[in-house]
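For reference, the structure discussed in these notes is given below.
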Amino acid sequence: MPTRKLFDVPNRGLPDSEKHDVVKPWIKASSNYLFGLWGLIVHLILLWGVLDVNFHSPIIKELPVVAAPHGPPAKRVFLFVADGLRFQTFIDKPPPYLRNIMRNEGVWGISHTRVPTESRPGHVAIAAGLYEDPSAIFKGWQENPVDFDSVFNQSYSTWAWGSPDIIPIFTRGSKQNVHGKTYPSAWQDFDANLSNQTIRLDSWVFDAYLEWLYSTVADLARDQNGIIFFFHLLGCDTLGHAKKPYSREYTENMNYVDRRIGEIVNVTERFFEKGTTAYVFTADHGMTDWGSHGSGLPSETETPLIIWGAGIQSSGYRQDVEQASIAPLIASLAGIPIPTNNEGLLPWRYFDGDHQEYIGRALLGNVKQLAHQVGGNRAINCGNGGRTDWREEQLNGKIRKIERHLDRGEVAEGIREGDAAIIFAKEALLYFRQYQRTRLLTYLSIMWFGWITVLFLKIAGVRRQYRRISLLLLTNIGFASLLIITLICHIVSNCGSWRLPCYASFAIISVWIAVTTVITSTPVFVVRNKRKLLVEIGGMLFLLAILYIGLTYRFALSIGMLSTILIRRVQSQHAQSPVFLSTSLALCVFPLLPVVEPYPRVYIVMISICLTISIVVLHETSRSRRIMEILRLVVTGFVYTKFIDGRHLVSWVILLTTPLCIWQYPTEVKARMLGITLGLFCPLALLSASYEPLFLLTLTGNLYCWLTLTSPTALKHSKGSTTITEDLIEAAFFMLYTLLCFFGTGNMASISSFDPSWTRHFVTVFSPFLMTSLILFKLSIPLILVGCANHALGTKSISLAVLFLGDCLSLPLMYSVTPYGSWLDIGSAISKFIIAISLPCLLLLLQCLSYPLMKVNLKQFQVSLAPQKTHIV
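Mapping of the sequence shown onto the numbering used here: residues 1 to 873, in sequence order.
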């Protein structure tokens with residue numbers, strides 16, 4: 001069939017030999033290096049830019065501290081935080097001492113937490129009035145990356161006892177006035193069989209305070225004002241994970257905490273002057289029925305809040321508050337400044353009627369502290385050209401109005417104006433925090449469009465035979481002038497932040513390169529078979545849409561696998577094997593199954609192990625390898641059913657000997673693929689909660705059939721004569737398999753929503769780095785198989801095609817990244833964007849990593865040592 005050109009342009013469809021005559025080889029090589037370097041820069045800027053725009057820290061240092069009013073109702077405040085105690089369990093089975101406090105001696109309510117409902121952000125909100133710092137993503141959500149102000153910092157002295165994961169958060173950035181003490185981290189064990197030892201997590205805290213009370217330091221602090229005592233009680237959280245929050249053990253631990261709090265209060269009232277101490281009892285987050293937290297269910301976001309003692313009503317009054325409002329409450333009770341980055345509203349109705357004047361002054365301090373934040377955010381975001389904004393002027397007017405009311409003795413009017421001013425201040429604060437986000441995302445989008453244009457012309461274009469020198473010169477002068485003007489305008493604006501001009505400069509450079517490429521290149525599209533072309537283009541666009549939808553809705557991946565069967569049938573025009581069709585249909589089922597299993601389904605994993613044993617018996621021809629694999633599978637089954645405790649030795653031996661077992665198989669493609677599957681199956685089973693091993697077996701069968709039906713020799717011979725559409729459809733196939741590995745079992749959520757049961761056969765003591773590494777290894781096992789298949793097929797060069805499709809997915813996903821929501825929501829949005837933008841690198845990396853798995857053979861290595869030894873002798 002004669003070749004038809006879709007674009008009639010100069011130098012179209014030139015043979016490779018003629019192209020080298022037009023463009024010198026050294027110029028072409030340098031152009032490729034520059035193209036690769038610019039592509040790397042663009043992807044790094046896009047990746048960093050999206051994270052920087054959405055996860056820039058809201059904490060502003062060196063804000064003015066608003067002095068606390070005189071005459072606080074309490075000299076000291078006791079803060080009890082029962083980690084993981086949800087309100088529903090507490091109110092259904094209220095412990096006797098705190099129940100009496102709620103009804104007769106204090107006030108109470110629900111403390112509404114924000115997602116992510118985790119320990120660190122919950123405690124930061126309680127002590128600092130600051131909700132989750134989005135920049136904590138760069139520290140893996142484990143700690144606050146920026147030192148922040150808290151009620152502990154502002155106190156005269158704070159003594160804190162509790163978990164080694166929480167107490168150091170507040171002692172690290174303190175002014176040497178926060179004294180913390182923790183128990184060993186090894187005590188935080190999620191093993192359900194050790195629930196009888198969990199009580200020591202709380203008893204140690206109470207005993208540590210009693211020990212302090214009889215020390216010389218306590219005598220020095222007896223009459224000192226502005227003292228805070230912080231009790232972090234981890235028992236409920238640990239038992240909630242291990243035994244679930246409706247269990248008897250969970251309720252018993254809650255009642256134990258109740259009894260010890262009553263003991264602490266009685267001892268404290270005898271030691272210190274009676275009626276000078278205030279007490280706050282709350283929780284950092286709740287817990288679901290299945291023992292997890294981090295999301296936004298009411299059982300996770302509703303926690304109890306009980307306040308009693310000096311300056312507090314004793315009427316049983318109820319007022320629900322936001323969790324961040326606890327920080328200004330503690331500060332106002334103790335007579336210390338409100339933390340500078342606090343976002344909470346003082347719940348002044350908790351105070352008794354004898355402190356109205358103090359309430360008005362404390363509320364005024366709350367407004368001033370928020371006003372300082374508004375001004376600070378406007379300054380660092382270069383809002384209003386560096387000048388005072390009308391919102392600040394209006395807020396300052398409200399502050400002056402409150403001061404006049406209080407000076408005239410009109411306390412009620414001052415309090416009413418204070419409530420309204422705080423609402424206005426929080427709206428202004430939100431405006432300035434979001435001020436630059438839209439502009440920065442616009443600059444990133446412009447840079448992306450410029451890069452996509454260059455990439456498309458790299459794939460489908462050839463250099464023009466006749467270059468337009470004058471147009472190129474005019475373009476270079478125009479964009480260079482625009483870049484210089486942008487930088488000068490920023491310098492004269494007196495704005496201290498360089499974020500905006502830097503992103504604008506990269507956007508200008510990207511468009512500059514794109515326009516230059518358009519002038520010097522032109523696209524060429526060659527059609528050999530119109531029917532095949534329509535199938536490839538239509539299939540590629542359909543799969544691309546499926547990939548985008550599948551990143552959000554997993555069921556779309558099932559549709560993608562069904563369409564893959566049809567596309568391959570039309571492409572090959574040959575009958576497909578029944579095994580290939582059945583495994584493809586089976587792969588369609590997995591995205592329809594639940595995302596995260598709350599309980600391990602042991603029987604499904606055991607069925608997978610039995611099925612794998614039958615595969616070994618039927619398909620493994622070597623007796624030694626058959627014995628080895630059956631032994632590993634049987635031991636894996638015993639460990640999974642807990643007949644053997646594998647945490648200290650057995651599980652780790654199975655994991656670490658996996659490469660040695662794989663390299664026992666011959667390097668012939670199909671035999672080695674079977675060895676890789678069997679070698680990786682055992683560690684995957686130990687890390688599984690449900691149907692993940694079945695997914696691995698099904699994926700292996702599908703890829704095995706693909707290897708059988710595809711002739712690698714034919715692919716290699718056709719490598720030099722492929723069209724652009726063939727590269728794109730091949731790239732779409734591999735991207736679909738890769739996303740199916742990520743989301744087919746639903747375990748991509750494992751990174752963002754932690755449950756100790758996933759790694760229970762390797763480690764139960766809380767170790768974030770080790771547990772995350774094991775989960776990441778589990779997620780990579782199906783991807784390794786895809787990389788091995790890519791290596792074995794010897795497919796055409798599809799790197800640029802995968803790069804193009806991945807970048808096309810990344811733009812809409814860039815706008816879906818958000819700093820709000822649970823760690824699961826935030827992590828899922830980030831994961832989708834990172835997967836799309838890093839997918840080309842991932843496929844290339846998998847192909848490189850598959851080489852030692854596919855080619856190394858221990859028997860050949862042993863044989864090669866023999867002649868070397870003979871030669872030495």
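Don't be surprised by glycine CBs; every beta carbon is placed ideally from N, CA and C.
Computed from a predicted model, the values in this text were never measured in an experiment.
>> Per DSSP, what are the beta-bridge partners of Phe-351 in this structure?
In response: Taking the first residue of the sequence shown as position 1, residue 351 is located at position 351. In the DSSP output, where bridge partners are listed per residue, Phe-351 has Ile-312.
>> Bridge partners for Phe-231 per DSSP, in chain order?
In response: Here residue 231 corresponds to residue number 231 of the sequence shown, with the count starting at 1. Paired residues: Phe-80, Trp-161.
> What are the residues that DSSP puts in a beta bridge with Pro-304?
Replying inline: Within the sequence shown, residue 304 is the residue found at index 304, counting from 1. Answer is Ile-110, bridged to Pro-304.
> Considering only C-alpha positions, which residue in the set Leu-471, Asp-354, Ala-379, Ile-485 is nearest to Tyr-435?
Replying inline: Translated into positions along the sequence shown, residue 435 becomes position 435. The residue with the shortest Cα to Cα distance from Tyr-435 is Ala-379.
>> So within the stretch 183–269, which uninterrupted beta strand (DSSP E) runs reach at least 3 residues, ignoring any that extend past its ends?
In response: 227–233
> To the nearest whole angstrom, what separates the beta carbons of Val-650 and Val-635, a pair I think is in contact under 8 Å?
Replying inline: For the purposes of this step, residue 650 is taken as residue 650 along the sequence shown, with counting starting at 1. For the purposes of this step, residue 635 is taken as residue 635 along the sequence shown, with counting starting at 1. Going by Cβ atoms, the distance from Val-650 to Val-635 rounds to 6 Å, so yes, they are a contact pair.
> Excluding the five sequence neighbours on either side, which residues of its own chain have a C-beta within less than 6 Å of the C-beta of Ala-671, listed in chain order?
Replying inline: As a first step, residue 671 is located in the sequence shown; it is residue number 671 there, counting from the start. Taken in chain order, the residues that qualify are Tyr-665.
>> Suppose only complete runs of 3+ residues qualify. What are the beta strand (DSSP E) ranges in the stretch 440–517, listed by chain order?
In response: 461–463
> With burial defined as no fewer than 16 other Cβ atoms inside 10 Å of the residue's Cβ, what is the status of Leu-85: buried or exposed?
Replying inline: Locating residue 85 in the sequence shown gives position 85, where the first residue counts as 1. Around the Cβ of Leu-85, a 10 Å sphere holds 16 or more other Cβ atoms; the residue is buried.
>> Whole angstroms are fine: how far does the CA of Leu-482 sit from the CA of Leu-843?
In response: Here the question's residue 843 lines up with position 843 in the sequence shown. Here the question's residue 482 lines up with position 482 in the sequence shown. Taking C-alpha positions only, Leu-843 is separated from Leu-482 by approximately 38 Å.
> How many Å lie between His-717 and Glu-620 at the Cα?
Replying inline: Residue numbering aside, residue 717 sits at position 717 when the sequence shown is read from its first letter. Residue numbering aside, residue 620 sits at position 620 when the sequence shown is read from its first letter. Confidence in His-717 is poor, its pLDDT being 42 and thus under 50, which makes the residue's placement unreliable; the coordinate value appears in the next sentence. So the two alpha carbons sit approximately 32 Å from each other.
>> Could you give the first and the last residue of the continuous beta strand (DSSP E) run that contains Thr-340?
In response: For the purposes of this step, residue 340 is taken as residue 340 along the sequence shown, with counting starting at 1. Looking at the DSSP string, Thr-340 is not in any beta strand (DSSP E), and its letter there is neither H nor E.
> For Ala-329, which residues from the same chain have a beta carbon less than 6 Å from its beta carbon, with the 5 sequence-adjacent residues on both sides left out?
Replying inline: Within the sequence shown, the letter at position 329 stands for residue 329. For the record, residue 329 in the displayed sequence is Leu; it is not Ala. These residues qualify, in order along the chain: Pro-347.
>> In whole angstroms, give me the CA-to-CA distance for Ala-362 and Ser-332.
In response: One-based indexing of the sequence shown puts residue 362 at position 362. One-based indexing of the sequence shown puts residue 332 at position 332. Rounded to whole angstroms, the separation of the alpha carbons of Ser-332 and Ala-362 is 6 Å.
>> By alpha-carbon positions, which one of Val-605, Ser-163, Thr-276, Glu-629 ends up nearest to Val-616?
In response: The residue given as residue 616 occupies position 616 in the sequence shown. Cα-wise, what sits closest to Val-616 is Glu-629.
> Given a threshold of 16 other Cβ atoms within 10 Å of its Cβ, counted over all protein chains shown, does Glu-393 qualify as buried or as exposed?
Replying inline: Walking along the sequence shown from the start, residue 393 turns up at place 393. Classification for Glu-393: exposed.
> Exposed or buried, which one is Ser-470 when buried takes at least 16 other CB atoms within 10 Å?
Replying inline: For the purposes of this step, residue 470 is taken as the residue at position 470 of the sequence shown. With fewer than 16 other Cβ atoms within 10 Å, it is exposed.
> Can you tell me where the beta strand (DSSP E) with Pro-523 in it begins and where it stops?
Replying inline: Mapped onto the sequence shown, residue 523 falls at position 523. Note, Pro-523: beta strand (DSSP E), 521–523.
>> Excluding the 5 residues flanking Asp-258 on each side, which residues of the same chain have their C-beta closer than 6 Å to its C-beta?
In response: Within the sequence shown, numbered from 1, the residue matching residue 258 stands at position 258. Contacts found: Pro-95, Tyr-97, Leu-98.
> Is DSSP giving Ser-563 helix, strand or coil here?
Replying inline: Position 563 of the sequence shown, counted from the start, is the residue given in the question as residue 563. Three-state result, Ser-563: helix.
>> Just verifying my parser: in three-state terms, what is the DSSP assignment at Gly-180?
In response: As a working note, residue 180 is residue 180 in the sequence shown. If DSSP states are grouped into helix, strand and coil, Gly-180 belongs with the strands.
> Counting pairs of Cβ atoms below 8 Å between the stretch 271–285 and the stretch 30–40, do you hit three or more?
Replying inline: no
> Starting from Val-280 and walking both ways along the beta strand (DSSP E), at which residues does that stretch end?
Replying inline: For the purposes of this step, residue 280 is taken as the residue at position 280 of the sequence shown. Segment 277–282, the beta strand (DSSP E) holding Val-280.
> Of the residues Gln-88, Ile-609, Leu-853, which one's Cα is nearest the Cα of Ser-299?
Replying inline: In the sequence shown, residue 299 corresponds to position 299, counting from 1. Comparing Cα positions, the closest option is Gln-88.
> Excluding sequence positions up to five away, which residues of its chain have a Cβ less than 8 Å from the Cβ of Asn-104?
Replying inline: Working through the sequence shown from its first residue, we reach residue 104 at position 104. If we look at Asn-104 and ignore the five residues flanking it on each side, its Cβ neighbours are Ser-314, Gly-316.
> For Gly-129, which residues of its own chain have a beta-carbon under 8 Å away from its beta-carbon, when the five flanking residues on both sides are left out?
Replying inline: Start at 1 with the first residue of the sequence shown, and residue 129 comes out as number 129. Cβ within range, chain order: Ala-324, Ser-325, Ile-326, Ala-327, Pro-328, Ile-338, Pro-339, Asn-341, Asn-342, Glu-343, Gly-344.
>> Taking its Cβ as the centre, do 16 or more other Cβ atoms sit within 10 Å of Asp-219, making it buried, or is it exposed?
In response: In the sequence shown, the residue the question calls residue 219 occupies position 219. Label assigned to Asp-219: exposed.
>> What does the alpha-carbon distance come out to for the pair Gln-224 and Arg-76?
In response: Start at 1 with the first residue of the sequence shown, and residue 224 comes out as number 224. Start at 1 with the first residue of the sequence shown, and residue 76 comes out as number 76. Their backbone Cα atoms lie some 8 Å apart in a straight line.
>> I believe Ser-155 touches Ile-227 by the beta-carbon criterion, under 8 Å. Please report the beta-carbon distance rounded to the nearest angstrom.
In response: By 1-based counting over the sequence shown, the position of residue 155 is 155. By 1-based counting over the sequence shown, the position of residue 227 is 227. Rounded, the Cβ-Cβ distance is 6 Å, consistent with contact.
>> With the cut-off set at 8 Å, would you say Ile-565 and Leu-581 are in Cβ contact?
In response: Residue numbering aside, residue 565 sits at position 565 when the sequence shown is read from its first letter. Residue numbering aside, residue 581 sits at position 581 when the sequence shown is read from its first letter. Yes; because the gap between Cβ atoms is below 8 Å, this pair is in contact.
> Looking at the structure shown, is Glu-620 part of a helix, part of a strand, or coil, going by DSSP?
Replying inline: Residue mapping note: residue 620 aligns to position 620 of the sequence shown, counting from 1. The answer is coil: DSSP assigns Glu-620 none of H, G, I, E or B.
> What's the C-alpha gap between Lys-181 and Thr-216?
Replying inline: Taking the first residue of the sequence shown as position 1, residue 181 is located at position 181. Taking the first residue of the sequence shown as position 1, residue 216 is located at position 216. Across the structure, Lys-181 and Thr-216 are spaced so that their CA atoms are roughly 17 Å apart.
> Would you say Pro-683 and Thr-658 are within 8 Å of each other, going by their C-beta atoms?
Replying inline: To locate residue 683, count along the sequence shown from 1; it is residue 683. To locate residue 658, count along the sequence shown from 1; it is residue 658. In this structure, the beta-carbon distance from Pro-683 to Thr-658 falls below 8 Å.
> What does Glu-322 pair with, by DSSP beta-bridge criteria?
Replying inline: On the sequence shown, position 322 is the one that residue 322 refers to. In the DSSP output, where bridge partners are listed per residue, Glu-322 has His-112.
> So, helix, strand or coil for Val-639, using DSSP?
Replying inline: On the sequence shown, residue 639 is found 639 positions in, with the first residue counted as 1. Helix at Val-639.
>> Tell me the rounded alpha-carbon separation between Glu-302 and Ile-110.
In response: Your numbering for residue 302 matches position 302 in the sequence shown. Your numbering for residue 110 matches position 110 in the sequence shown. So the alpha carbons of these two residues sit roughly 6 Å apart.
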